[in-house]
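Everything on this sheet refers to the single structure shown next.
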Amino acid sequence: MRAPFVAFALCLALPCLADTPTSAESLATPPANAQRFSILSTAGKHGTSARWVTADGTRMGRDSLLLRGMVTEVDSSATLGSDGMLKNVVIRGHTPNGDAGETFTIKDGTASWKSPVDAGSAPYTGPAEYSAFGGPVDLSADMVEKLLATPDKTLALLPGGKAHAEKLTSMTVGEGAKKQEVTAWAITGINNTPVPIWMDAKGHFFGFIYGLAWLPEGYESALPALEKAQTAALAQHAKSIVSKLEQTPAGPVAFTNVRAFVDGSRFVESQTVVVDKGVITAIGDASSVKVPAGAQVIDGKGKTLVPGLWDSHQHVPDDAAGPLLLSLGITSVRDPGNDNTQTLSRAQRRAKGELLAPHVYPSMLIDGKGPNTAQVATVATSQDEAIKLTDKAKADGFKAIKIYGTFNPDWVKATAAEAHKDGLHVHGHLPAGMRPKEAIDDGYDEITHIYFVMMQAMPDDVVKSSNGMGRFEGPGRYARNVDLDKEPMKSLIAEMAQKHITSDPTLVIAESLYVPENGDLSPSYAPFVGTLPPAVERGFRQGGFTVPKDLTRADYRASFAKLQALVGAMHKAGVPIVAGTDGSGLELVRELELYVQAGFTNAEALASATIDTAHLVGVDAHTGSIATGKAADLVLVDGNPAVNIGDLRHTEVVMMDGKLMDASALRSEGGISRRPAWEE
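So this is what it looks like as structure tokens:
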């Protein structure tokens, strides 16, 4: 989901693979008096940003970002109208998705815009700020400055929606002459959940922290303290909603007359499922299972009861993600890499009942040091350090280590051995220069992302650059011509099946990379159109890679089809497949739809997002399926996913650890205004 500020901070970044109309050398150069920012993460510095005003009053912005080998170079120029709102905007440069060109203008009472994904116009009848699709942080910073200057902290936006600000907290940063007070505000209306923005005492933009951080030069060291204060303030709201959204039943609960997905393998009609004290106590034919006296009865006629879903690849972004994920029926996630401090904090607060969130099974993401280091990585600079980090992961309660692309391939074997000694799972990207078979031989238990499995058949130059654009560009170019029934893929698939090496394909990511043109409506998000802020929904039409000049979009789509076929071939061979999104969670059911297209039965697809992931994590004896004696992590959905897997989107009741939650209330808290649309 793309929104101002949030866009660059998302975990997924896409490369630009073709020349763009405006080269980086042709973009504006910040003058000496520009306000300058560093773009940071816990792993270090990833880029620079600047804001300034020219002699004629033109507002300028310039951002330069290198994130895991993927480059964003953009600038903006803007002028204001008589009402103080943006009147003319021009954005130039390139983003990871190609040309960043975007324009906005107000003329003769009409506002008009053209972005990489849309074009339109609307009558301009009163003050409203253009919410740019892309561009440098300056434009979003300007919007928040205008917002805080309004009496009621509310501002109309174009192409649509409203932004509103609520004060979160204040703190002092800097030393000596640089010492100043800054205030965090929660901005709603630009994302489905509140976005925290830091402002100075004069109401000017100070910084932004959301995975990536924009902080003024000279204040970089304040990042940990600012994030801690921001998190603590947001945690108060997270704590306050737990009792409002979660209900502890007074006694047993009976789901009657439901279609139930039982034993992790099959749909059975006309069932009654009884829960007591958080445990499933009875399952059977509705005509024979006795409902306990005084039980709360939930009539499920025409509906389906499924185990709580798992998102096997969910980088939990913040506290507000909890209600959103739960509204989607996701009661458990594997977090394959995050800010370790935040991960541990959320686990502690959840255990105390102060955070409403799915069960989280986290990995420590370990990478090497270099320009392509992952933005939330724990960095190892030696073999010994990698082993010590692995031991720390175990000591801190992580369930796995995730190795990343800049990690030294020579360190994998010893690091994996240490992880296994510690009882940790080993998964991840492939270090640059390494193929999946080598990673498996050195101790990988799982290959993350389907394009890394396909790396076995890629040319050497692609494998050597797989910690940057090579991991995308190579499969996009060559996968369509790979014969899955011949070497080298034939023996790799067989070995993965024989050794039970898991695949976390994230096909929804591959689909977004290769299939859509800018302006196409993503099938992952199509059912949610009309339920989220306009600034978010514009992102539903963001295209994939710019196709290299010697290829066509049809070539890229053919390569995606081969990646999807690879998932089907692995499944048929017996390779364990677990469903993950690497997104917001809204994409999970689309992931299952892609599996069904690849040859899974609906029951097998659902198993990949329930019992199969629970088995991988080692908790399948406790949860992951509807079976007597297991934890009551359950979802009641309207419809029949045995026939149409997409019906899983229509959640009505969510039960986690035996506590009941209304899916509509969860959706509302998660920024979704109503249930997603039915498929036509």
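Numbers 941 to 1620, taken from the numbering used here, label the letters of the sequence shown in order.
Glycine residues also receive a C-beta, built at the ideal position from the N, C-alpha and C atoms.
- As a beta-bridge residue in DSSP terms, M1139 pairs with T1123, F1145.
- For the set P1376, A1333, D1350, the Cα lying nearest the Cα of K1361 is the one of A1333.
- Between R999 and D1078, the C-beta gap is smaller than 8 Å, which places the two residues in contact.
- Restricting attention to beta strand (DSSP E) runs no shorter than 3 residues, the region 1467 to 1539 encloses none.
- Contact between the region 1245 to 1259 and the region 1519 to 1539 is present: three or more C-beta pairs spanning the two stretches fall below 8 Å.
- DSSP, reduced to helix, strand and coil, places I1341 within a strand of the structure shown.
- Burial of D1082 is indicated by the presence of at least 16 other C-beta atoms within 10 angstroms of its C-beta.
- Counted as a single uninterrupted DSSP element, the stretch harbouring R1274 is not any alpha helix (DSSP H) but the beta strand (DSSP E) occupying residues 1270 to 1275.
- Per DSSP, the unbroken alpha helix (DSSP H) holding D1078 starts and ends at 1077 to 1089.
- Per DSSP, E1378 is not a residue of any beta strand (DSSP E); the alpha helix (DSSP H) it occupies stretches across 1376 to 1381.
- I1130 has its alpha-carbon roughly 21 Å from the corresponding atom of Q1176.
- Counting the other CB atoms within 10 Å of its CB gives T1346 a total of 16 or more, which places it among the buried residues.
- As the crow flies, the alpha-carbon of A1153 is around 31 Å from that of V1529.
- Beta bridge pairing from DSSP links G1038 with T1035.
- The C-alpha of G1483 lies about 9 Å from the C-alpha of G1038.
- Rounded to the nearest whole angstrom, the C-alpha separation of G1416 and Y1496 is 5 Å.
- One Cα belongs to I1585, the other to I1449, and the distance between them is close to 19 Å.
- Proximity to A1062 across G1049, S1210, S1462 peaks at G1049, based on C-alpha coordinates.
- Under the DSSP definition of a beta bridge, P1156 partners with F977.
- Where G987 is concerned, the enclosing beta strand (DSSP E) starts and stops at 984 to 993.
- Beyond the five residues adjoining it in sequence on each side, D1385 comes within less than 7 Å, by CB distance, of H1365, V1366, H1367, I1441, T1442 in the same chain, given in chain order.
- Per DSSP, T1281 lies in no beta strand (DSSP E) segment; the continuous alpha helix (DSSP H) that holds it begins and ends at 1280 to 1291.
- Beta-bridge partners of G1579 (DSSP): none assigned.
- The residue among V1202, T1128, V1135, L967 with its C-alpha nearest the C-alpha of A1543 is V1202.
- Within the region 1044 to 1076, the runs of beta strand (DSSP E) that reach at least 3 residues and sit entirely inside it are, in chain order, 1050 to 1054, 1059 to 1063.
- P1189 and L1600 do touch by the CB rule: their CB atoms are close to 6 Å apart, below 8 Å.
- In the three-state reduction of the DSSP assignment, I1238 falls in the strand class, which pools E and B.
- Q1323 carries a helical assignment under DSSP once its states are collapsed to helix, strand and coil.
- Under a 10 Å Cβ-count criterion, R1614 is classified as exposed, with fewer than 16 other Cβ atoms of the shown protein chains found around its own Cβ.
- Looking only at A1326, Q1323, V1213, G1277, the smallest Cα-Cα distance to S1303 is reached by G1277.
- Check the Cα spacing between P1616 and each of K1118, E1592, V1536, D1597: the tightest is with E1592.
- The beta carbon of L967 sits closer than 7 Å to those of R1002, E1013, D1015, R1032, G1033, all from its chain and outside the five residues before and after it, given in chain order.
- Secondary structure note for M1595: its beta strand (DSSP E) is the uninterrupted segment 1591 to 1596.
- Rounded to the nearest angstrom, the Cβ distance from K1377 to E1435 is 7 Å, consistent with a contact under 8 Å.
- For S1004, DSSP records a beta bridge to T988, E1013.
- Looking only at T962, V993, A1567, D1578, the smallest Cα-Cα distance to A972 is reached by V993.
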